[in-house]
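Notes follow the structure.
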Amino acid sequence: MLSDFGYILLFIIAAVSLIGLMLTIARFLRPDRPNEEKLTTYESGEDPLGNANVQFNVRFYVIALIFVLFEIELLFLFPWAVVFGNEELIAQTNGQWGWFAMAEMTVFVLILILGLAYAWVKGYLDWVRPQPQIPEVKSPVPADLYKQVNEKYKRT
Numbered sequence: 001m002l003s004d005f006g007y008i009l010l011f012i013i014a015a016v017s018l019i020g021l022m023l024t025i026a027r028f029l030r031p032d033r034p035n036e037e038k039l040t041t042y043e044s045g046e047d048p049l050g051n052a053n054v055q056f057n058v059r060f061y062v063i064a065l066i067f068v069l070f071e072i073e074l075l076f077l078f079p080w081a082v083v084f085g086n087e088e089l090i091a092q093t094n095g096q097w098g099w100f101a102m103a104e105m106t107v108f109v110l111i112l113i114l115g116l117a118y119a120w121v122k123g124y125l126d127w128v129r130p131q132p133q134i135p136e137v138k139s140p141v142p143a144d145l146y147k148q149v150n151e152k153y154k155r156t
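Position 141 (the sequence shown) corresponds to 141 in UniProt numbering; numbering is contiguous.
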């Protein structure tokens, strides 16, 4: 007879082996056709141009934060909708519960709409691609020598 911990251990072993089996099957079934486009580096929606130390567009983070903000709004809307539609609570308070819940969510959504309007007016939602600025480095090694080395090890 297995104890409760034995069942948990069996469940963990079954989960790990099922995941391993699925990954192994996927490895054999998926196509493996790499090409130049698939092997290029992809950084936050920006094509890699120039030096890797160049700062990329900070607006990516702003748009991501605004997206997360509205996802959290949806997270709060679902439980509110469930409680708001509870007929028992509405009947116990003679309808005042429904009006209170509606007013509460209206204020919440208006605050979020105000924040979205502020971000829109300030231009935080405009996606402007910055022109990469390649830094100039004074090096004792001539630039032609770098070009020769790059040509020697260039991918074909």
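All residues carry an ideal CB built from backbone N, CA and C; glycine is no exception.
In this text the structure is predicted, and so the values were computed from the model without any measurement.
Would you grab the beta carbon distance between residue i and residue j for me? Rounded to a whole angstrom, and I think it's under 8 Å.
i: GLY98; j: PHE84; result: 7 Å
i: LEU125; j: ALA117; result: The Cβ separation is near 10 Å, so there is no contact.
i: GLU73; j: LEU112; result: 5 Å
i: PHE108; j: PHE76; result: 7 Å
i: TRP80; j: ALA101; result: 7 Å
Got a sec: does the ligand GTP put a non-hydrogen atom nearer than 8 Å to the Cβ of residue i?
i: ALA15; result: No copy of the ligand GTP appears in this structure; indeed no ligand is present at all.
From what residue to what residue does the alpha helix (DSSP H) around residue i run?
i: VAL22; result: Here the sequence assigns Met to residue 22, which means Val is not the residue at that position. MET22 -> alpha helix (DSSP H) spans 4-29.
i: THR93; result: Run containing THR93: none; DSSP gives neither H nor E here.
i: LEU145; result: 143-152
i: VAL68; result: 59-84
By alpha-carbon positions, which one of the options ends up nearest to residue i?
i: LEU65; options: LYS147, GLY115, LEU9; result: GLY115
i: ARG59; options: GLN133, GLY123, GLY95; result: GLY123
i: LEU29; options: GLU36, LEU21, ASN35; result: LEU21
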